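Chains as they are written, first to last, in our numbering: chain A, 8 to 151; chain B, 8 to 151.
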């Protein structure tokens, strides 16, 4: 499976994904970090997540994702209690809930890059399967 | 705010929620652990989550939630890497992804009951706000 990856993403993630047979084509992406067809995945460490909450980047990123893609995911690696900075724990949880309820974004909080890479792989495989099924249905309809 | 809570839920959660001004009315719930109007929340520890994956309970619970409620959440407390039993880490991640992508269930993985109680509070407050807005809109339409 070949996907687009933002060229500012780490080589570690590219390697992890490569070992799982997800090949990343690095290019500058305007929105998200990993893109395949109408699926967009934003990857964040817990510290990035908190920092982008504070400077307002998170909200604008998420709004762009919603506008441009059909299926949107935010995958966060790290622990809420392990965050740096002095952001209140309740604020982090409040923001997670806000993304999920208000923006209807799907979030998974994972522990490290390996778990996160595996989650990306499974998300993309699920969508590939759904896409193939839709294509097959389309074919049937056209064949009738 | 007064919500229904399954009477098999722990007193710890009831107390945590009570301190956050979410009053729980314990009764036997067929589906979910916390219910308010069309919002259903299932709470699981990471070990429950894994055990209910193995015995197939998780899938049937989720299917019932989808059938009976409009807004569904699964909140898991604990670490994937801290799970007991010999379930493979990738299986747990695969199941989380399956719930999110295939079943369109919203999941949050949190660290402990306090974080989880706060997430419940914020989810319910968001829905209460959305509900009030809808009511207001309905009122306007009827008033015209």
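All residues carry an ideal CB built from backbone N, CA and C; glycine is no exception. These numbers come from a predicted model, not from an experiment.
Task: Where residue 92 of chain B falls, given that 16 or more other Cβ within 10 Å makes a residue buried - done: Exposed: under 16 other Cβ atoms inside 10 Å.
- [ ] Classify residue 89 of chain A as buried or exposed, calling it buried when 16 or more other Cβ atoms lie within 10 Å of its own Cβ.
- [x] exposed
Task: Whole alpha helix (DSSP H) elements within the stretch 63-118 of chain A, 4-residue minimum - done: 64-75 and 96-108
- [ ] Buried or exposed for residue 95 of chain A, please, with buried defined as at least 16 other CB atoms from any protein chain shown within 10 angstroms of its CB.
- [x] exposed
TODO: For residue 104 of chain B, go through chain A and note every residue whose CB falls closer than 7 Å to its CB, in chain order.
DONE: 126, 129, 130 and 133
TODO: Helix, strand or coil for residue 54 of chain B, going by three-state DSSP, please let me know.
DONE: helix
Task: Straight-line gap, residue 117 of chain A to residue 84 of chain A (C-alpha atoms, nearest Å) - done: The alpha-carbon separation between residue 117 of chain A and residue 84 of chain A amounts to approximately 5 Å.
Open item on the list: Please report the distance separating the alpha-carbon of residue 34 of chain A from that of residue 14 of chain A.
Closed with: 5 Å
Task: Contacting positions in the stretch 86-101 of chain A - beta carbon closer than 8 Å to chain B - done: 86, 87, 88, 96, 97, 100 and 101
TODO: Using a cut-off of 9 Å between C-beta atoms, extract the partners of residue 108 of chain A located in chain B.
DONE: 78, 80, 113, 129, 130, 133, 134 and 137
- [ ] Give a yes or no on whether the C-beta atoms belonging to residue 131 of chain B and residue 19 of chain B are separated by under 8 Å.
- [x] no
- [ ] Taking C-beta pairs closer than 8 Å, name the residues in chain B that residue 118 of chain A reaches, listed in chain order.
- [x] 86, 87 and 88
TODO: Given a cut-off of 8 Å, decide if residue 49 of chain B and residue 72 of chain B are closer than it, judged by their beta-carbon atoms.
DONE: yes
Task: Residues of its chain near residue 69 of chain A, where Cβ-Cβ distance is below 7 Å and the 5 sequence neighbours each way are ignored - done: 106, 110 and 112
Task: Contact under 8 Å by Cβ, residue 82 of chain B with residue 10 of chain B - done: no
- [ ] Identify whether residue 8 of chain A lies in helix, strand or coil by the three-state DSSP scheme.
- [x] coil
TODO: Apply the 10 Å Cβ neighbour rule to residue 39 of chain A and answer buried if 16 or more other Cβ atoms are within range, or exposed otherwise.
DONE: buried
Task: Alpha-carbon to alpha-carbon, residue 78 of chain B and residue 145 of chain B - done: Inter-residue distance for residue 145 of chain B and residue 78 of chain B is about 20 Å (C-alpha atoms, whole angstroms).
Task: Distance between residue 87 of chain A and residue 102 of chain B (C-alpha atoms, nearest Å) - done: 22 Å
Task: Bridge partner(s) assigned by DSSP for residue 30 of chain B - done: Residue pairing by DSSP puts residue 30 of chain B in a beta bridge opposite B:9.
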